[in-house]
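Quick note on the working numbering: the sequence shown kicks off at 3 and runs consecutively. Built from N, CA and C at the ideal position, the CB exists for glycine as well. In what follows, a single structure is set out as structure tokens and then discussed.
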Amino acid sequence: MGQRIIHVDMDEFFAAVEKLDNPELVGKCVLVGGDPKGRGVVSTASYEARQFGCHSAMPMATAVRLCPHAIVLPVRGDRYGQVSREVFEIFERFSPMIEPLSIDEAFIDVTGCERLHGPAERIARDIQAAITDELHLSASIGVAPNKFLAKLASDLDKPAGLVVISEQTIHDILDPLPVTKLWGVGKRAAGELARLNIQTIGQLRCTDPAILADRFGQAGEHFANLANGVDDRPVTPDGQAKSIGAETTFAQDIAELDELRRILSQQVEQVARRLRRAGLKARTITLKLRTGDFTTMTRSRTFGEATDLTDTLRQAAKGLLAQWSSQRFAPLRLIGITASQLAGGGGQLSLFDNGEDRARERRIDQTVDRIVERFGPESVQRGG
């Protein structure tokens with residue numbers, strides 16, 4: 003027997019948590035995301051709102067026009083993170099091989115778990131039942147021999163569905179589906195395939211690979227493999243974030259450099275706190291800027307050693323902003339900061355650092371963290 007991969011996708015996750023916390027929202031159109039009066043976007047639309055054409059990543063203003071009676075709620079990241087951890091704790095009962103894709107989605111490799119927990123389909127049903135019974139949420143689940151098929155299966159019977167694709171049913175399930183169900187086939191590639199009279203996965207599967215290679219190069223081989231249900235990528239557990247960031251899109255472009263510095267300082271505070279909470283330090287910090295014409299620029303700095311100190315990160319971020327503004331300042335639509343090249347927080351002190359200054363910075367950070375934990379982020383305003 004080959005691999006057995008489960009893909010779990012929580013249904014309308016942000017909206018579902020809001021309904022869980024406020025049962026009066028059940029059965030109503032709920033939009034979770036940014037301010038509809040600004041440039042906010044929809045993070046999650048409830049299934050009721052989706053009936054009016056609302057969907058994630060849509061401008062919130064557009065969603066409200068489509069569904070004017072919708073209840074618009076802000077994103078509560080901490081609460082969703084708490085529930086997400088409870089969901090992943092359920093996954094961990096069945097296998098240590100868990101690859102998170104997002105806060106509400108993961109692959110689980112249950113190959114070899116049959117002796118402890120039964121066949122893959124039973125494990126999937128047990129996971130689904132635990133999510134429903136213990137957390138009062140629903141999940142759509144796919145079970146298949148590989149990641150591509152498992153993810154595709156979880157999308158075939160939403161919400162609260164469970165679809166199994168076996169080696170014997172791969173072509174029966176894939177062949178009628180549109181080529182856009184394949185990873186990597188977007189509108190442009192779908193248009194190219196349509197010019198070859200290829201609109202379904204079955205038609206793609208029966209196409210000479212040489213034709214696909216000639217038209218798409220290496221991507222053509224990728225499309226052919228997926229059309230045949232072939233995906234060799236392993237489930238790769240990675241509980242550690244690859245980056246931690248914060249960004250803000252403005253309702254109106256901001257031209258005041260002092261205001262941009264203030265917002266950037268707040269973002270650095272947030273990122274530094276998240277690093278410390280996760281026990282991580284960053285070696286690289288990247289400033290992201292987007293002007294009103296949607297031109298996006300990034301500037302990065304890499305430290306000699308990883309850090310989680312707010313002031314160190316802030317000074318680096320301010321330096322990057324100053325470097326950009328002195329060269330080509332323009333009003334900004336978006337500003338953001340990302341910490342990357344993350345490592346565990348136990349790094350050694352450099353021989354050339356002022357240990358007393360660093361110790362003082364750390365004491366300040368720890369004090370601020372405790373205050374924020376108790377009273378919220380608005381309770382502390384640091385100079386910077």
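Can you give me the C-alpha to C-alpha distance between residue i and residue j, rounded to a whole angstrom?
{"i": "Ile125", "j": "Ile8", "result": "9 Å"}
{"i": "Ala17", "j": "His57", "result": "12 Å"}
{"i": "Lys149", "j": "Gln205", "result": "22 Å"}
{"i": "Val370", "j": "Thr113", "result": "46 Å"}
{"i": "Pro76", "j": "Asp106", "result": "17 Å"}
{"i": "Glu92", "j": "Pro102", "result": "Contrary to the premise, residue 92 reads as Ile rather than Glu in this sequence. The alpha-carbon atoms of Ile92 and Pro102 are separated by roughly 13 Å."}
{"i": "Arg335", "j": "Arg117", "result": "55 Å"}
{"i": "Arg292", "j": "Thr286", "result": "20 Å"}
{"i": "Leu22", "j": "Ile133", "result": "13 Å"}
{"i": "Thr171", "j": "Val28", "result": "37 Å"}
{"i": "Ser48", "j": "Met62", "result": "13 Å"}
Buried or exposed: where does residue i fall if 16 or more other Cβ atoms within 10 Å of its Cβ makes it buried?
{"i": "Phe331", "result": "exposed"}
{"i": "Arg372", "result": "exposed"}
{"i": "Gln84", "result": "exposed"}
{"i": "Thr297", "result": "exposed"}
{"i": "Thr46", "result": "buried"}
{"i": "Thr209", "result": "buried"}
{"i": "Ala146", "result": "buried"}
{"i": "Gln350", "result": "At Gln350 the pLDDT is 37, less than 50, meaning the model places this residue with poor confidence and gives no usable figure here."}
{"i": "Leu353", "result": "Low per-residue confidence applies at Leu353: pLDDT is 35, beneath 50, and the placement is therefore not dependable enough to give any value."}
{"i": "Leu198", "result": "exposed"}
{"i": "Glu258", "result": "exposed"}
{"i": "Asp80", "result": "exposed"}
{"i": "Ala324", "result": "exposed"}
With H, G and I counted as helix, E and B as strand and the rest as coil, what does DSSP make of residue i?
{"i": "Gly4", "result": "coil"}
{"i": "Ala205", "result": "Residue 205 is actually Gln in this sequence, not Ala. Helix at Gln205."}
{"i": "Pro2", "result": "Shown here, the chain extends from 3 to 386; a query on residue 2 therefore has no answer."}
{"i": "Leu33", "result": "strand"}
{"i": "Arg124", "result": "helix"}
{"i": "Ser97", "result": "coil"}
{"i": "Glu249", "result": "strand"}
{"i": "Ser342", "result": "strand"}
{"i": "Pro236", "result": "coil"}
{"i": "Arg335", "result": "strand"}
{"i": "Val28", "result": "coil"}
{"i": "Pro180", "result": "strand"}
{"i": "Asp11", "result": "strand"}
What distance in whole Å lies between the Cβ atoms of residue j and residue i, which are believed to be in contact at a cut-off of 8 Å?
{"i": "Ala308", "j": "Ile339", "result": "Not really, about 16 Å apart at Cβ, beyond 8 Å."}
{"i": "Val19", "j": "Tyr82", "result": "6 Å"}
{"i": "Gly144", "j": "Ala131", "result": "No, Gly144 and Ala131 are not in contact; Cβ-Cβ is about 16 Å, not under 8 Å."}
{"i": "Leu277", "j": "Leu322", "result": "Not quite, the Cβ-Cβ distance comes to about 18 Å (not below 8 Å), so this is no contact."}
{"i": "Ala274", "j": "Leu315", "result": "5 Å"}
{"i": "Thr250", "j": "Gln272", "result": "About 10 Å separates the two Cβ atoms, so there is no contact after all."}
{"i": "Val89", "j": "Leu158", "result": "So it is not a contact: roughly 21 Å between Cβ atoms."}
{"i": "Ile203", "j": "Ala229", "result": "5 Å"}
Subject >> 4-residue-minimum alpha helix (DSSP H) runs that sit fully inside the segment 263 to 332, ordered along the chain >> reply: Those alpha helix (DSSP H) runs which fall completely within the segment 263 to 332 and span 4+ residues are 312 to 330.
**OP:** Enumerate, from N- to C-terminal direction, the unbroken beta strand (DSSP E) stretches of 3 or more residues contained entirely within the segment 43 to 74.
**Re:** As far as the segment 43 to 74 is concerned, its whole beta strand (DSSP E) runs of at least 3 residues are 44 to 47.
Subject >> Uninterrupted alpha helix (DSSP H) stretches inside the segment 147 to 194 (no shorter than 4 residues) >> reply: Here the runs fully enclosed are 149 to 156, 172 to 176.
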